[in-house]
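Peer 1:
There are 2 protein chains.
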Amino acid sequence: MFVNRLIEEIKDKRSPIVVGLDPRLELIPSTIKNKYFKKYGKSFKAAAQSILEFNKGIIDSVYDVVPAVKPQIAFYEQYGIEGLIAYNESCRYASEKGLLIIGDIKRGDIGSTSKAYSTAHLGKTKVEGEKLGAFFSDSITVNPYLGEDCLKEFLGDIKEYSKGMFVLVKTSNPSSSQLQDLVVEGKKIYEKVAEMVENLSKKYIGEYGYSSIGAVVGATYPAETKKIRSLMPSSYFLVPGYGAQGGTADDVVHSFNEEGLGAIINSSRGILFAYKDEKWSEKDYDAAAREAAIKMRDDINTTLEKNGKRYW
Amino acid sequence: MFVNRLIEEIKDKRSPIVVGLDPRLELIPSTIKNKYFKKYGKSFKAAAQSILEFNKGIIDSVYDVVPAVKPQIAFYEQYGIEGLIAYNESCRYASEKGLLIIGDIKRGDIGSTSKAYSTAHLGKTKVEGEKLGAFFSDSITVNPYLGEDCLKEFLGDIKEYSKGMFVLVKTSNPSSSQLQDLVVEGKKIYEKVAEMVENLSKKYIGEYGYSSIGAVVGATYPAETKKIRSLMPSSYFLVPGYGAQGGTADDVVHSFNEEGLGAIINSSRGILFAYKDEKWSEKDYDAAAREAAIKMRDDINTTLEKNGKRYW
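Protein chains in written order, with this note's numbering: chain A, 1 to 312; chain B, 313 to 624.
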């Protein structure tokens, strides 16, 4: 099961963190980019190959420090077909290095369409009897606005292929409160979603008491996180918003249960572009990323320990 | 502006309908498929080339009958990179035939990520100073669960490139009521979303009194549609759920305003696979699709006229 593999990797590496692979071409070291611009001109191919080489450098430098990476597909889609080839190749490369892949795709649609997204990212596509893999994720993020029949379409592939999903419950952005915090019969919308997800997740609980059906819960809302944690005791939380978006280790500590499990904290910009700190130069972007990942891991582990949530 | 072009095309063709390009490989005529299986084996390339040829046949047979097509990207993503090449080529081909493209992608994320989706599907991507197009839509569908700061990220490209978007308000699927119909201070969630979208849409109103920021409102909920129509007088509605999902012309008539404008009705399976009716054979799938599109157009126009909503 996905959640078992995730927990084992977290324990083995002593690291409940995930690196968000959200590449920004303008921040990729020019030593990398110039090589591809020279070869392929100012093209999507050059951009995508730059991203892929950059990602490989990041993956090589963090694969023994973190259990997972989370590529955000939007940052690849903007480079068209070539960008999506780089997405796929980055996922494949990270997977070969033993990392779990959380595809941050936030898909969700009516039944038959959600099924197609599930096939694309978690399952296999049938072509004249052959079963082929389209995109490569161990788990994905899913949007709940269409309700349970949308979410259920992912469950078949989650079961058959030992995959997982994280459903958006409370997102990290400033206007997440606009819909998610509206109050219905004394309960906020995100609590209603939390109940819906918790309900679905019960059939997918692994040996550590957690489910492969998890929740996205932003680090930027610690009070809400406490509430959601109590509503979803068996859901693993994918927590964006640490670092660049303002979330701290003290904020994310509420995502973890008493035994120090139950959450994986994401950082994207803070690790990928750690080299922007004046002590680094761009050629050392990979070493800077490694140092930032280790610092983040230690920050979170220290805070967990301080709160009596030692998981190792 | 997108909405002006849409209305002009609807009036010119006397046709407020859109064909959903949601290809299903198992329903594509074997005369098409076998050619590509022979050439490329049981591969994504064969599947994608079959889809592209099928789509071109549909487009050739309906481009003078309908103003727009709505490819659902999930059905292409499941064939991986090759599938997305077919998505792009289908959009390009339809656009060359004068059709408007509504990319049914239902994206939506935190600010910087939504901006990347906007760049990918509506805008242009900067590569070392060059501006390049990644995917090709005139308008897209967007999910509102993350709130207004997500939606706002699409507005820049909508303005700069004369594009549009349709925000999910009330979807056509059975469990759409689960979140969308929850009541907050006497208002349902979909009414709250309707107000949010109407508010954003006001700055993008074209010469016919409608906005390029529209709403997705399912044909399967006619009572809710009436309510939403009154809350969003200037939003164009993209209406899925006619035909295969159970919506009728009498159901969708409430999506139109008194002058017969304000909505475009989608049919996917009912047109694409009309050849499954026993009077057709699969080699005539394109002629069957044309007849089904004309029948749907006439069904809707007749019902509009009966309700005093003649727009032509």
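Glycine included, each C-beta is placed from N, C-alpha and C at the ideal position.
Below 8 angstroms on the Cβ atoms is my guess for Glu536 (chain B) versus Tyr502 (chain B); work out the distance and round it to an integer in Å.
Peer 2: Indeed, because the Cβ distance is near 7 angstroms, the residues count as touching under 8 angstroms.
Peer 1: Enumerate in chain order the residues of its own chain whose CB-to-CB distance from Arg326 (chain B) is below 6 angstroms, with the five nearest sequence positions on each side excluded.
Peer 2: Cβ neighbours of Arg326 (chain B) beyond the five flanking positions: Trp624.
Peer 1: Using only the alpha-carbon positions, how far apart do Gly476 (chain B) and Gly526 (chain B) sit?
Peer 2: Using only the alpha carbons, I get a separation of about 8 angstroms.
Peer 1: Quick one: grab the DSSP three-state call for Met196 (chain A).
Peer 2: Met196 (chain A): helix per DSSP, three-state reduction.
Peer 1: State the Cα-Cα distance for the pair Cys91 (chain A) and Val127 (chain A), rounded to the nearest angstrom.
Peer 2: The straight-line gap from Cα to Cα measures roughly 23 angstroms.
Peer 1: Three-state secondary structure (DSSP) at Gln557 (chain B)?
Peer 2: Coil.
Peer 1: Can you tell me the Cα-Cα spacing of Leu261 (chain A) and Gly206 (chain A), whole angstroms?
Peer 2: Spanning the two alpha carbons is a distance of roughly 13 angstroms.
Peer 1: What does Leu238 (chain A) reach in chain B if we use C-beta pairs closer than 9 angstroms?
Peer 2: Near Leu238 (chain A) there are no residues of chain B at all, since even the closest Cβ is about 13 angstroms away, more than 9 angstroms.
Peer 1: Does the stretch 136–152 of chain A come within contact of the stretch 243–263 of chain A, defined as at least 3 CB pairs closer than 8 angstroms?
Peer 2: Judged by Cβ distances under 8 angstroms, the stretch 136–152 of chain A makes no contact with the stretch 243–263 of chain A, as fewer than three pairs qualify.
Peer 1: Using only the alpha-carbon positions, how far apart do Tyr285 (chain A) and Tyr275 (chain A) sit?
Peer 2: Approximately 5 angstroms, taken between the alpha carbons.
Peer 1: Could you name the residues of the stretch 466–484 of chain B whose beta carbon sits closer than 8 angstroms to any beta carbon of chain A, in the order they occur along the chain?
Peer 2: Correct list: Leu480, Thr483, Ser484.
Peer 1: Provide the residue(s) that pair with Arg107 (chain A) in DSSP beta bridges, ordered along the chain.
Peer 2: Answer is A:Val142.
Peer 1: When you compare only the Cα positions, how much space is there between Val62 (chain A) and Phe349 (chain B)?
Peer 2: Distance between the alpha carbons of Val62 (chain A) and Phe349 (chain B) is about 42 angstroms.
Peer 1: With a 10 Å radius around its C-beta and 16 neighbouring C-beta atoms as the bar for buried, classify Arg107 (chain A) as buried or exposed.
Peer 2: Flag for Arg107 (chain A) reads buried.
Peer 1: For a test of the three-state rule: what should DSSP assign to Ile329 (chain B), helix, strand or coil?
Peer 2: Strand, per DSSP.
Peer 1: Checking contacts by CB at 7 angstroms: is Gly620 (chain B) closer than that to chain A?
Peer 2: No - not a single Cβ of chain A is within 7 angstroms of the one on Gly620 (chain B).
Peer 1: Which value, in whole angstroms, describes the spacing of the CA atoms of Thr119 (chain A) and Ala74 (chain A)?
Peer 2: Using only the alpha carbons, I get a separation of about 19 angstroms.
Peer 1: Measure the C-alpha to C-alpha separation of Phe585 (chain B) and Glu365 (chain B) and round it to an integer number of angstroms.
Peer 2: Roughly 14 angstroms separates the two Cα atoms.
Peer 1: My guess is that Phe135 (chain A) and Gly392 (chain B) are in contact by the Cβ rule of under 8 angstroms, so how many angstroms apart are they, rounded?
Peer 2: Their Cβ separation, rounded to whole angstroms, is 7 angstroms, which keeps Phe135 (chain A) and Gly392 (chain B) in contact under 8 angstroms.
Peer 1: Counting along the chain, where does the beta strand (DSSP E) carrying Gly395 (chain B) start and finish?
Peer 2: Unbroken run through Gly395 (chain B) is the alpha helix (DSSP H), 392–408; no beta strand (DSSP E).
Peer 1: Tell me which residue opens and which closes the beta strand (DSSP E) that Lys538 (chain B) is part of.
Peer 2: First-last for Lys538 (chain B): 534–543, but that is the alpha helix (DSSP H), not the beta strand (DSSP E).
Peer 1: Which residues bound the beta strand (DSSP E) around Ser30 (chain A)?
Peer 2: Premise fails: Ser30 (chain A) lies in the alpha helix (DSSP H), 30–40, not in any beta strand (DSSP E).
Peer 1: Does DSSP put Leu261 (chain A) in a helix, in a strand, or in coil?
Peer 2: Of the three classes helix, strand and coil, the one that applies to Leu261 (chain A) here is coil, per DSSP.
Peer 1: Can you tell me which of A:Ala116, A:Val217, A:Lys97, A:Asn88 puts its alpha carbon nearest to the alpha carbon of Gly103 (chain A)?
Peer 2: Nearest of A:Ala116, A:Val217, A:Lys97, A:Asn88 to Gly103 (chain A), Cα basis: A:Asn88.
Peer 1: Which term fits Pro233 (chain A), buried or exposed, when burial requires 16 or more other beta carbons within 10 angstroms of its beta carbon?
Peer 2: Exposed.
Peer 1: Using CA coordinates, which residue listed in A:Ser172, A:Val216, A:Asp12 is at the minimum distance from Ile422 (chain B)?
Peer 2: It is A:Ser172.
Peer 1: For Phe570 (chain B), would you say it is in contact with chain A, using Cβ-to-Cβ distances shorter than 7 angstroms as the test?
Peer 2: As written in the sequence, residue 570 (chain B) is Glu, which differs from the Phe given in the question. So, not an interface residue.
Peer 1: Can you list, in chain order, the stretches of the alpha helix (DSSP H) that have 4 or more residues and sit fully within the stretch 257–301 of chain A?
Peer 2: If we require 4 residues or more, the alpha helix (DSSP H) runs fully inside the stretch 257–301 of chain A come out as 269–272.
Peer 1: Would you list the residues sitting across from Thr437 (chain B) in a DSSP beta bridge?
Peer 2: For Thr437 (chain B), which the question treats as bridged, DSSP gives the partners B:Leu444.
Peer 1: Can you list the residues of chain B that Val184 (chain A) reaches, using a CB-CB cut of under 9 angstroms?
Peer 2: Under the 9 angstroms cutoff, chain B gives Leu494, Val495, Val496, Ile501.
Peer 1: Does Tyr352 (chain B) get closer than 7 angstroms to chain A when you measure Cβ to Cβ?
Peer 2: Closer than 7 angstroms: no.
Peer 1: Is Met296 (chain A) near Ser162 (chain A), with beta carbons less than 7 angstroms apart?
Peer 2: Cβ distance not < 7 angstroms, so Met296 (chain A) and Ser162 (chain A) don't count as in contact.
Peer 1: Once DSSP output is grouped into helix, strand and coil, what is the label at Pro67 (chain A)?
Peer 2: Three-state DSSP puts Pro67 (chain A) in coil, outside helix and strand.
Peer 1: Please classify Asp562 (chain B) as buried or exposed, where buried requires at least 16 neighbouring CB atoms within 10 angstroms.
Peer 2: Asp562 (chain B) should be labelled exposed.
Peer 1: Since Val330 (chain B) and Val378 (chain B) should fall inside the 8 angstroms C-beta cutoff, what is the C-beta to C-beta distance between them, to a whole number of angstroms?
Peer 2: Right, the Cβ-Cβ distance comes to about 6 angstroms (below 8 angstroms), so this counts as a contact.
Peer 1: Which same chain residues, not among the five before or five after Thr437 (chain B), have their C-beta less than 6 angstroms away from its C-beta?
Peer 2: Once the five neighbours on either side are set aside, the close Cβ partners of Thr437 (chain B) are Thr431, Leu444, Ala446.
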